Structure formats: C-alpha cells, structure tokens
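Just below is one structure, and these are the notes that go with it.
Numbering (our numbering), first residue to last: 4 to 667.
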C-alpha cells in the first residue's frame, strides 16, 4: 500500500472515528434526554395521582362524617361537593397525563385500566353514599359509614400503589430528586394516617360510649404510623433540599409536634379513661383539617421543586443533544475538508519526492529534484533531499573508509587476543607443577577469571635445604594485575633464593613493602618457609586470607589475623607466625577469590564453608581435596565463570626424605 493511500485512509479513518465517537455521544445524550422525558412524564402522572389521593382522603372524611352527622354540624356547607370535584379533577388530569406517556412508560395501558376501575368504584360508592344521605332514616347513614370508610380507604391504597409502581419503574437517580420522591411518599403516609384518624376520632367524639377496642387500636396504629413517617422524613433531611422545602417541613413539623400530636394523644387518653372531653367532633375536625392543609402545602412545595428540577434537567439534555448534533455536522465538514487538504498539500508532493528518492537510491545522481518552494516540513524534506544528493559520493567514500577501519580493528583485536593467550600460557608456566622437594610435597589449583590473572604462587628450595613458598593476589583484574603479579612472582622468588643468613621473613616483607613503587597496585600475600630439620614452619601474612592447617589427625586450624597488604602503607610492620608442621600435616593457602565467590543470590562462599568442607574431607589426598574444593566452588557459583581470580596452594610435610622429583 502506497503512502498516499495510507494517508488518505488514515485521515478518513480518524475522521470516521471522530464522527462515530460524536454519534455515540449523541446517542448517549438522546438516551439521557429520553430518560429525562420519562422522568418528567412519570412525575406529572404521579403528581396528579398524589393530589387525587389527598382529595379522595378528604372526600372520605367529608362523606364519613356526613353519614354519621345528618345535621351537617361538622365541616362547611358544600364542602363535600367541592371535595368530589377536586377528586374528579385530579383523577381526570392523571388520566390525561397517563395517556400522554404512551411513548415513554411501558405500563401505560395497565395504569389507565387501573385508574378507570378506581373511578368506576368511586362513582359506585358515591351513589350508595348519596342514597344513604337522602334516606329518611338517619341510622341508615351510620350503618353505611364504616363500609364507605373501608372501601374508600381501599381505593386510596390502590391509588398509592399505582403511584409507587410508577415511581419504581422510573426512579430518579439524582440524589435530590430521589430524596424529594421519598419525602412525598412519606408525607403521603403521614397525611393518610392523620386523615384516617380525622374520621375515626370524629366518630368517637360524636358517640363516646359506642367506641370499641378495635377502633382504639386503629386510632393508635394510625398515630404510630404518623410518628414513623416523621422519622423517615427526618432521615431525608441530610439531602440537599431547596430552602422552601426545608421551611415547609419545619412548619409542618412544628404544627404536628406542638398542636396536633398532643391534642390527638389527649383525646385518645380521655376516651380510654372515659373522662369528659374538652372539645367536640367539629373542633377536632377543624384541627386535623389544619394539619392536613400544612401537609398539603408541603406536598405542593415538594411537587414544585421536583417539577422545576426535572424541567431544568430536560432543558439541559435537550441543549446537549443540539450541541452534539451541531458538532457532528461540523465534524463531517472537517473530515471532507481534511481529506482534500491532505491530498493536495501532502500526498501529491510526497509522491514527487518518493519518485526522486527511488532514483537516487539506484545511484542515479543525475535525476532532477522537485522544485517545491514551501516553508513547511515537505519543503524541508526537499531541501534535505538536495543535501542527500550532494553528499552521496562523500557518504560512499566514508563507508569504504569505515569498512577498512573495521577490518583493522578486527585484526587488532585478534592480535590482542593472541597476545593475551600467549601471556596466559607464560603466566601458567611460571606456576610450579605438582611435585615434592625434600620432605615437602605441594600441589596447586589455579583458575583465573579471564585469560590472565593477578594471582600467582611458587615453591622454591633454598641452598640451606629450607623450602620457601609464597602466594600473591594483586588488587584488580586483567592485564594490569597480571603484569604486576609477574613482577611480584619474580621479586618474591629472588628474595627467597637470595635470602641472606639470619634475615627473617618479616624483614623480607617489610623490605618489599618499602621498595614497592607507589604507582603500582598493592597486593596481598602469604610468604612462608618450612624448616628442613625441625617440625616447624613460619609465615608472614600481608592482608591475605588466613591459611588453613590440616593436622595428620584431621584437626583443622586457621592461622593468622590479616596484616597490611604490600604497597598500601610504606611504613607498615609485619610479624612472623611460627607454627608446628609435623609429618602428614598440610598447609592450605588460598586467595580471596575462593571464599568471596558469590552464588546467584550474592551470598559468598565464606571461610566457614571452606573450613567445613576441609574438615569433612581432611583424610582425602591433596589431589582429591583440591578437586573437591574446585567442584564445590563451581557448584556454588552455578557457572564455570568467576568474578575474581582463584588460586590455591597446598603443601604437605612427608614423613621421610624422598628424592626430589622437580625443582623450580
């Protein structure tokens, strides 16, 4: 696929992706708008159902007391007809609102059917109530009153159930709206409880002697239900309610706490104790009517606040849909414009540059360059192409020179590697092979960390028959340490062979330390001798690890405490350590590359582990013991490579003099 196709496809893809993203956002905004519409429609229906429920509760009380009081001493003239008109008005409005939600709410048909049934039942009850009220026998109304109250209460419950069903189907998610919906439900419970007691207590006040225990229980349950409703209302006060709603709740609470609740409890106590009652049914009815009006005012505030919030939400959702739709149109125009601009300003110039670059790649330096007088990146690419063409021959020459240089470097590295390998052979040849001198045998283990090492050792026989030996570990690695180790090897070997009579080992060490050049690395060493005619041996320890003495009976001892390395402090003093070295005793000297070898977790091999291995294998031969140490270090490392040079020298006093196999 050519770059022009890639650019055009990429531009189109990005544009389509942008349009898809905007479309998805528009869909989400439309869903939010539809949700807001459903909430607003559901709230309008629930508002009319709530008002109709309160109106029906008022009609229930008006009709109930009218049936009990043929003289109409309670209430206002015409109030029953007004209550019925309010019920019909609100239920009719609820029916119209519900029909208008056919496109938003799924249960519209079921709600209309339930509402029609309720209105039909209300009409039937009203006709029966009118018949009782028009009868010439007053007791007939009293007989029908309980049934009216019961059936009207059932219908009120059906209306509340319909309203709560709508609330559950379209429950608002916004906290304030949810709190206001809960408050309307709880205020409805409060209003229904007070309305029931308005009717029941009015009957009790009309006929105090006929009140039964069941009626007292009903009045008490209603009072308790009202108290529970207030607890639930108090639980919603932590929500962010509007000031008008909060004030309405406070005023209703004040009226209920200071006036209605004490009056209701006083009347209930008087009825239970059968003491004279201070007010009549009409006064009680007016008092409860005042409380119900306060609750109705609270409901109006809640309905108004919810209505305003839902309308604001609906406006915001509608505006958001319009804004995103406008953005979609702008995006379509931007995508089309971008494709045209990319094709003219990018794709076509790039094609011209591409053809020229292909010809230059074939070493066609005579090809003409496009003339693009532009100050943007494509113009810079054209200028760079001119520079590329001008420098093509120079780059080719530089490439050839680089290849020659690489060949020389490879040859130099090969020669350096060859020299290091030769130096390693020479350095290895300086080490004494396993042999015996007089009544002393020795064997070494030598493993450099690279081709050449900074470790070395030697065993020599002096003219007086004594056996001198040393082991050296030069600080550092590589060629510098190896060269210094050769100098140390020669210096110490000459010091042992040319040692004058009476010169002590510690004096040799001090002399070498004083004469050691300051610009050379320091080194650690063990310098020692084995006396030919006594079972004694001596060593000088200069910063080297403590040697191990393996007694003939298997006992393992560590010698020395350290000392200063050679070349670190010019005025350092050294001490000679004399120890018994009897037949079949062995002396193990080693560099720190043995005990400081680290495993994969960084833990060192350690002197304790060395001493344990030597103790466990003290009866093995020198060769076997060194092989076991070699295997132990390799196993500990988990690798054949070392981070530091490793060397071990083991000397053994033989029980009797044996012919010399080798002298070094």
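In this text, a Cβ means the ideal position worked out from N, Cα and C, and glycines have one as well.
All of these numbers come straight from a predicted model, not from anything done at the bench.
Review point. Out of curiosity, what's the CA-to-CA distance linking residue 356 and residue 370?
Key: 12 Å
Practice item. Would you list the residues sitting across from residue 653 in a DSSP beta bridge? Key: 446 and 591
**Study point:** residue 526 beta carbon less than 7 Å from that of residue 569
**Key:** yes
**Study point:** Same chain, Cβ closer than 8 Å to residue 221, neighbours up to 5 away in sequence not counted
**Key:** 199 and 203
Practice item. Helix, strand or coil for residue 607, going by three-state DSSP, please let me know. Key: strand
Review point. Of the residues 436, 98, 566 and 179, which one's Cα is nearest the Cα of residue 312?
Key: 179
**Study point:** DSSP three-state assignment for residue 249, whether helix, strand or coil
**Key:** helix
Point to revise | Helix, strand or coil at residue 496 [DSSP, three-state] | key: helix
Practice item. Determine the direct distance from the alpha carbon of residue 412 to that of residue 611, and round the result to whole angstroms. Key: 47 Å
Review point. Can you tell me whether DSSP reads residue 439 as helix, strand or coil?
Key: strand
Check your understanding: For residue 325, is the classification buried or exposed, using 16 other Cβ atoms within 10 angstroms of its Cβ as the cut-off for buried?
Key -> exposed
Check your understanding: Distance, Cα to Cα, residue 121 vs residue 263?
Key -> 31 Å
Exercise for review: Find out if the Cβ-Cβ distance for the pair residue 148, residue 235 is shorter than 7 Å.
Suggested key: no
**Study point:** Reduced DSSP category for residue 540 - H, G, I as helix; E, B as strand; rest coil
**Key:** strand
Check your understanding: At which residues does the alpha helix (DSSP H) containing residue 288 begin and terminate?
Key -> 284-345
Review point. Is the segment 340-350 touching the segment 304-321 in the sense that three or more CB pairs, one from each, lie closer than 8 Å?
Key: no
Practice item. Would you kindly work out how many angstroms separate the C-alpha atoms of residue 2 and residue 549, rounded to a whole number? Key: This structure leaves residue 2 out entirely; the chain is present only between 4 and 667.
Check your understanding: Roughly how many whole angstroms lie between the Cα atoms of residue 130 and residue 92?
Key -> 18 Å
Practice item. Enumerate in chain order the residues of its own chain whose CB-to-CB distance from residue 266 is below 7 Å, with the five nearest sequence positions on each side excluded. Key: 290
Review point. Is the segment 288-304 touching the segment 53-69 in the sense that three or more CB pairs, one from each, lie closer than 8 Å?
Key: yes
Point to revise | Burial state of residue 247, where buried means 16 or more other Cβ atoms lie within 10 Å | key: exposed
Point to revise | Counted within 10 angstroms of its Cβ, other Cβ atoms place residue 302 as buried (16 or more) or exposed | key: buried
Review point. Roughly how many whole angstroms lie between the Cα atoms of residue 554 and residue 629?
Key: 16 Å
Review point. Name the DSSP beta bridge partners of residue 258, please?
Key: According to DSSP, residue 258 bridges with nothing at all.
Practice item. May I ask you to report which of helix, strand or coil DSSP gives residue 455? Key: coil
Exercise for review: Count the other CB atoms, across all protein chains shown, that sit within 10 Å of the CB of residue 577; report buried if there are 16 or more and exposed otherwise.
Suggested key: buried
**Study point:** residue 467 - containing alpha helix (DSSP H), residue span
**Key:** No alpha helix (DSSP H) holds residue 467; DSSP gives it neither H nor E.
Review point. Using the rule of at least 16 other Cβ atoms within 10 Å of the residue's Cβ for burial, across every protein chain shown, is residue 227 buried or exposed?
Key: exposed
Practice item. Quick one: measure Cβ to Cβ for residue 465 and residue 499, integer angstroms, because I've assumed they're closer than 8 Å. Key: 7 Å
**Study point:** Distance CB(residue 624)-CB(residue 581) smaller than 7 Å
**Key:** no
Check your understanding: At what residues does the beta strand (DSSP E) containing residue 350 begin and finish?
Key -> Counting along the chain, residue 350 falls outside any beta strand (DSSP E), and DSSP gives it neither H nor E.
**Study point:** Buried versus exposed call for residue 506 [16 or more other C-beta atoms within 10 Å across all chains shown]
**Key:** exposed
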